[in-house]
Each structure stands twice: as C-alpha cells, then as structure tokens.
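The letter at position 477 of the sequence shown is residue 477 when you use our numbering, and the numbering goes up by one with no holes.
Reviewing the structure listed below.
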Amino acid sequence: MIRLENISKKIGGRTLFEEVSFTFNQGRYGLTGPNGSGKSTLLKIIMGVEPSTTGTVSLPRKVGFLKQRIEDFRDHLVIDTVIMGNARLWKAMQERDSLYEVEMTDAVGIRLGELEEIVAEENGYTAESEAEVLLIGMGIGEELHRKKMHEIPTDRQFRVLLCQALFGNPDALLLDEPTNHLDLESISWLEEFLHQYKGILVVVSHDRHFLNSVCTDIADLDYETIITYPGNYDAMLVTKTAVRSRAEDENKAKEKKISQLKEFVAKFGAGTRASQVQSRVREIDRLQPLELKKSNIQRPFIRFPNPEKQSGQVIFKVEGLSKGYGDHPVIQKLSFEIHRGDKIAVIGNNGKGKTTLLKLLSGVLTPDGGKITLGHGLDIGYFPQNHGDVLNKHTKETAFDWLKTRKSGAYDQDVRGVLGRMLFAGDDAFKPLQNLSGGEAARLIIGGLLLTGPNVLIMDEPNNHLDLEAVSALASGLEDYKGTAIVATHDRELINGFATKIIAFEEDKPHIFAGPLDEYLKKKNEKKSSSRPS
Ligand SMILES: Nc1ncnc2c1ncn2[C@@H]1O[C@H](COP(=O)(O)OP(=O)(O)OP(=O)(O)O)[C@@H](O)[C@H]1O
Ligand SMILES: [Mg+2]
C-alpha cells in the first residue's frame, strides 16, 4: 500500500493541501480535482521527486510513474526509453556497457560481476523482449523501436512514456493523465490493461468516461484536502455534491438561528432577563457555523474576440496534398476546401495524420506534394498538441511576459484582463512558465488566442489537460466565435458543442462531412449496416 502521513504542501503563499493522512490500498483510484489543485504535485511527492512541506510517504518496492515531458527523452532510442522505467536496471546496464569499453582490471571485473547480478535480479536479460511486447500492445510497430524518440510522431512518444511506466510489473502505478494523447482505440486498450492490473493504481484524469470505466475509488483533491469516495467518478460527484449541500444547509440553518438569538440578546441584553440572555449567548458560541473551505472549481471565461480583419470567403483550398515521414506516407493526394465560418472538428485515430494536416494548414510543415492556397487576409492562431512547442519551459519567463509578447503593442491591462479571464488572478499572472500545471499551460495558450484575435483558429487537441469546466467554456467560446475554427479532438462534448462539419480520418482516406457529429455517426452506421451481408 501507499501510505501518506500528515502530508502538507504549500507553494509560495498558497496551500495546496494540509495535513493529509490516508492510505491507498489495493484498488484503482482516480485522483481528481480541478486544474492547478495539486494532483501532479501530489504524485511527485509520492514518488519522492518533489519535497512535501510536512509529512512522510511509505511506498511498495517498485512503483511505475508516467512522465509527462517527452523532451527529456529526445535523443534516446524508443526501446531504451521503455527500459528506463526500471531505473535500477537501466543504471546497471549503462555502467556495465561503459565498463566493457575500458581496460579490464581486477576491480573492473569485480564491478562487472556485481552489475551482472543486478541485471539478472531485475530480469535484464528479458528486458528488451518485455519492452517490445508493451510497445506493440500500445500500437507502436517494430519498425519504430530502434528510432530515436524525436524521430517518431508526438502522440507515439507519449505512448512510449506510458510503456515506460508499465515496464517491469510495478507493484503500484502512478499515471498522470494517461489518456491525453491517446485515441479512443488505445484508450480502450489501456482500460482493459488496467482492469487486469493487480497492483495499486493511482490515476489522474479529466476524462470522465475513462475514470468511470477504470476506477474502484476516487480520491478527490479539493477544499485543500483529499477525500476518498468508494465507487467511480459519477458516484463521487453525487456524494460530493450531497455532502457539500448538506453542510451548506446546516450552516444556513445555524446562521438563521444565530441571528434570531442575537436579536433576542440585543433586545433584552440590558434588561431583566439576564439568565435567559446568558443562555442564548452560550448557545450562539456553541452554534458557530463550520468554516467551509472554498472549492477550487472555477470556470474560465473564453470568448474569442470578433476578428479585427475579415478573411476571404475561401480560407484554404487544398489540392492533391501529400505529406509523409521518411518512406511512410501520411497524407496522400488530399483535396478539399474550407470556407469562412466553418467550424470543423478533425476526428480519427492517432497516427492517421490529424496533427500533420493541422501543421500543414498552419504553415509549421511544408507539403511534399500538391498545394495549399491560403485565402486572402488570413490571420491564423495555432494551438499545438505539445505545449512545449510554444511555451518554452526552460526560461524564467512568466505567464504575463509570455502573453505580452503575443501581440506587439498590447497594453498591460489588456494582458492582465485576459489572464484574469483565464483564471490567473493576482500574483498567479507572474508564475514562471516552468511552474504551470498542464491545465494552466493550456489556458495560457488559449489566452494568447484571446488576446490576438485571429480570424482562423487551428487547435490540436486543446482539451488535453483541461478540466471539465474549462472544456465546456472552450466549447461555448468556439460556438460563438465569428471566425473559422479547425480543431482536432477526441472529446465528444467539445465536438458536439461547436462543430458544424467533420473532417474524418477514419477510413483509408480522410474526407469532409458537412454536418455535425451525430449526423456523421448516423450516416456511418447506416453505411455499415447496409454493407453487411444479410
Ligand atoms: N515550483 C512552483 N512554484 C510555484 N507554483 C507552483 C510550482 N509548482 C507548481 N506550482 C503551482 O501549484 C499548483 C498545483 O500544480 P499541479 O501541477 O500539481 O496541478 P494539477 O492539479 O496537476 O493541475 P492540472 O489538472 O492542470 O494538471 C498550480 O497552481 C501550479 O501553478
Ligand atoms: Mg497535473
């Protein structure tokens, strides 16, 4: 089991959680809470990679942890990145390999013996084949196993990190938003895998469907503490709301009673009914309402400004577009048009080319063949799948600085206004980029789009990392937007909230469907059933 004792964490002036004690027993726990509440921080504290302000953690022997930064593994081979999931084994293997290159002495020989023993203990001789099985399960074909991480597509790199966490049969598994870069098929694979998993699972996610399918218990981080609820996410919501409203009702009743008592005291305090007044004063003390901590749940305000510049009627004219990586074609001879005011959801499994298409449209990539004619007067705002592409987390830059550079001549108060709407109130505006949580980073990038007011929005899985409030705010922001929006996402609520057209990367060739998602799905089902032999 994983035991937390009196864990507190204060960052700057803010308390994330205070004196939390509890135990994760055998089971599959969802760790939930709004963006910035401290979920990732808690996992890092459990792993010992970040200190807590007070308290101690005890852990089982082997714990797998899902890392979030693909940049850190850029130059490593895919297969090695997986094996690094067992740190003791990886270190021993590295040292062993370097010793085989130096001159053999007695000391070197003895050390090699020790290292071979560690490698054997950690099942090092089957490490590669185990890693390969995991990679293949995750849909990463053999041809990629010996490539460097940065040579494979972004979403595949995230899957490699998932294999890293799963490597070596850990007794406990800590996963921070594992579904973010996965398509529906791989999410089902992961759900199935986790159902079979026998250890302790703690998984952070904003994906309600996933939490419901996987979790036996929920640990919810809110009100500066962690409360566990048996059951899945929906069950937690019901109980949490009921408990909260009961506490609020009790407080209201108490306040009403107190004000009646106070009235009595005020009226007769100086008079003859001294003993009755005294007993009421005592009752007022006894009744003090519980101090209810404020919930962290907040909703950002996302309204994209009306574009300053009107674009032409045709936004993109795509003709015979082709693009591939090495000898692997991703997009082949694709032709379509996007018109002003289109609100398009780009859907389909990972690896089919959604990100590639969005990068081609926004000019980050150049086509191998065919052409894209841009409409006139386009002002494109781009939200990349990997936040690191636009937010450099290695500098000391703050959220405010970054946002200000988005628009030349922007006034400080406009920048502060946007930050406020994206929930960076007060000093939070000056948080360094490297400290931002996943959801905060996504909100900041959206803030950049609010500030600049482009007439075309191209967004690649913007809902990753965002909590439910933020996703629904984004959906209504996109719905009201007066420009053209092209958004790749797997999130049905988001798609239903804004999309009037679909680009589906589902069959062998992507195609445009001129209607919302449910119509598209209906058509697809009809086609399927009519093509079934009777
Ligand atoms: N070193 C730091 N200095 C200051 N603030 C920090 C630091 N590290 C994290 N924070 C802040 O602590 C809060 C908790 O961050 P954390 O990453 O744990 O949130 P989270 O619950 O995982 O959020 P998300 O759902 O967005 O991933 C955030 O507001 C973050 O900005
Ligand atoms: Mg997080």
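Yeah, the Cβ is synthetic: ideal placement off N, Cα and C, and Gly gets one too.
Since the model is a prediction, treat every value here as computed from it, not as a measurement.
{"Check": "Where do the ends of the alpha helix (DSSP H) carrying glycine 535 lie?", "Outcome": "As shown, the chain starts at 1 and ends at 534. That puts residue 535 outside it, with no answer to give."}
{"Check": "Which residues in the same chain have their Cβ closer than 7 Å to the Cβ of lysine 323, if we skip the five residues on either side of it in sequence?", "Outcome": "Val330, Ile331, Thr356, Leu360, Leu365, Pro367, Asp368"}
{"Check": "Which residues end up in the neighbourhood of ligand 1 when you take C-beta atoms closer than 5 Å to any of its heavy atoms?", "Outcome": "Ile11, Asn35, Gly36, Ser37, Gly38, Lys39, Ser40, Thr41, Asn435, Ser437, Gly438, Gly439"}
{"Check": "Between the C-alpha atoms of arginine 421 and leucine 99, what's the straight-line distance to the nearest angstrom?", "Outcome": "57 Å"}
{"Check": "Assuming contact is defined by CB atoms lying nearer than 7 Å, are tyrosine 29 and valine 202 in contact in what I supplied?", "Outcome": "yes"}
{"Check": "If you check the beta carbons only, do alanine 299 and alanine 473 fall under 7 Å apart?", "Outcome": "Reading off the sequence, residue 299 comes out as arginine, not alanine. Going by C-beta atoms, arginine 299 is nearer than 7 Å to alanine 473."}
{"Check": "Using the beta-carbon count (16 or more within 10 Å), is asparagine 25 buried or exposed?", "Outcome": "exposed"}
{"Check": "Using only CA atoms, which one of Glu121, Leu334, Asp75 lies nearest to asparagine 86?", "Outcome": "Glu121"}
{"Check": "For serine 534, which of helix, strand or coil comes out of DSSP?", "Outcome": "Note that serine 534 scores a pLDDT of 47, beneath 50, so its modelled location is shaky and nothing firm can be said."}
{"Check": "Could you round the C-beta distance between leucine 466 and alanine 499 to whole angstroms and report it? I think they count as a contact, below 8 Å.", "Outcome": "In fact, because the Cβ distance is near 17 Å, the residues do not count as touching under 8 Å."}
{"Check": "In three-state DSSP terms, what is threonine 216?", "Outcome": "coil"}
{"Check": "Would you call isoleucine 218 buried or exposed, if buried means 16 or more other Cβ atoms sit within 10 Å of its Cβ?", "Outcome": "buried"}
{"Check": "When the Cβ atoms of the region 37-46 are set against those of the region 159-179, are three or more pairs found closer than 8 Å?", "Outcome": "yes"}
{"Check": "If you draw a straight line from the C-alpha of leucine 292 to the C-alpha of leucine 494, how long is it?", "Outcome": "33 Å"}
{"Check": "Starting from the C-beta of isoleucine 344, find all residues in its chain whose C-beta is less than 6 Å away, skip the five residues before and the five after it, and write them out in chain order.", "Outcome": "Ile486, Lys501, Ile503"}
{"Check": "Measure from the alpha carbon of glycine 113 to the alpha carbon of each residue in Asn463, Tyr481, Met93, then state which is nearest.", "Outcome": "Met93"}
{"Check": "How would you call lysine 528, buried or exposed, if buried means at least 16 neighbouring beta carbons within 10 angstroms?", "Outcome": "exposed"}
{"Check": "Where do the N-terminal and C-terminal ends of the alpha helix (DSSP H) with glutamine 298 fall, by residue?", "Outcome": "Element bounds for glutamine 298: n/a, residue is neither H nor E."}
{"Check": "In terms of residue numbering, what span does the beta strand (DSSP E) encompassing serine 8 cover?", "Outcome": "2-11"}
{"Check": "Compute the distance between the beta-carbons of phenylalanine 505 and lysine 352, then report whether it is under 7 Å.", "Outcome": "yes"}
{"Check": "For arginine 28, which residues does DSSP report across the bridge?", "Outcome": "Leu201"}
{"Check": "Identify every residue that forms a DSSP beta bridge with valine 238.", "Outcome": "Valine 238 is not bridged to any residue."}
{"Check": "Which value, in whole angstroms, describes the spacing of the CA atoms of arginine 273 and valine 265?", "Outcome": "10 Å"}
{"Check": "Check whether the Cβ atoms of isoleucine 380 and valine 318 lie closer than 7 Å to each other.", "Outcome": "no"}
{"Check": "Under three-state DSSP, which class holds leucine 175?", "Outcome": "strand"}
{"Check": "Taking the continuous alpha helix (DSSP H) assigned at lysine 535, which residues delimit it?", "Outcome": "Here the chain comprises residues numbered 1 to 534, so residue 535 is not present and cannot be evaluated."}
{"Check": "Are the region 63-77 and the region 134-152 touching by the rule of at least three beta carbon pairs closer than 8 Å?", "Outcome": "yes"}
{"Check": "Given a cut-off of 7 Å, decide if asparagine 169 and serine 437 are closer than it, judged by their beta-carbon atoms.", "Outcome": "no"}
{"Check": "Please determine, among Lys10, Ala429, Leu521, Thr489, the residue with the shortest C-alpha to C-alpha distance to serine 52.", "Outcome": "Lys10"}
{"Check": "Can you round the beta-carbon distance between phenylalanine 17 and isoleucine 284 to whole angstroms, since I take them to be within the 8 Å contact cut?", "Outcome": "Going by Cβ atoms, the distance from phenylalanine 17 to isoleucine 284 rounds to 32 Å, so no, they are not a contact pair."}
{"Check": "Among the candidates Ile2, Phe424, Leu161, Glu507, whose CA atom is the shortest distance from the CA of glycine 172?", "Outcome": "Sequence inspection shows alanine at residue 172; the glycine mentioned does not correspond to that position. Residue Ile2 is the option with its Cα nearest to alanine 172."}
{"Check": "Where does methionine 236 land, buried or exposed, given buried means 16+ other C-beta within 10 angstroms?", "Outcome": "buried"}
{"Check": "Need the endpoints of the beta strand (DSSP E) that serine 335 sits in, please.", "Outcome": "328-339"}
{"Check": "Return the CA-CA distance between glycine 447 and tryptophan 402, expressed in angstroms with no decimal places.", "Outcome": "10 Å"}
{"Check": "For histidine 150, I'd like the list of residues in its chain whose CB is within less than 6 Å of its CB, leaving aside the five on either flank, ordered along the chain.", "Outcome": "Arg74"}
{"Check": "Alpha carbons only, please: which of Gly12, Glu19, Pro307 is nearest the one belonging to glutamate 5?", "Outcome": "Glu19"}
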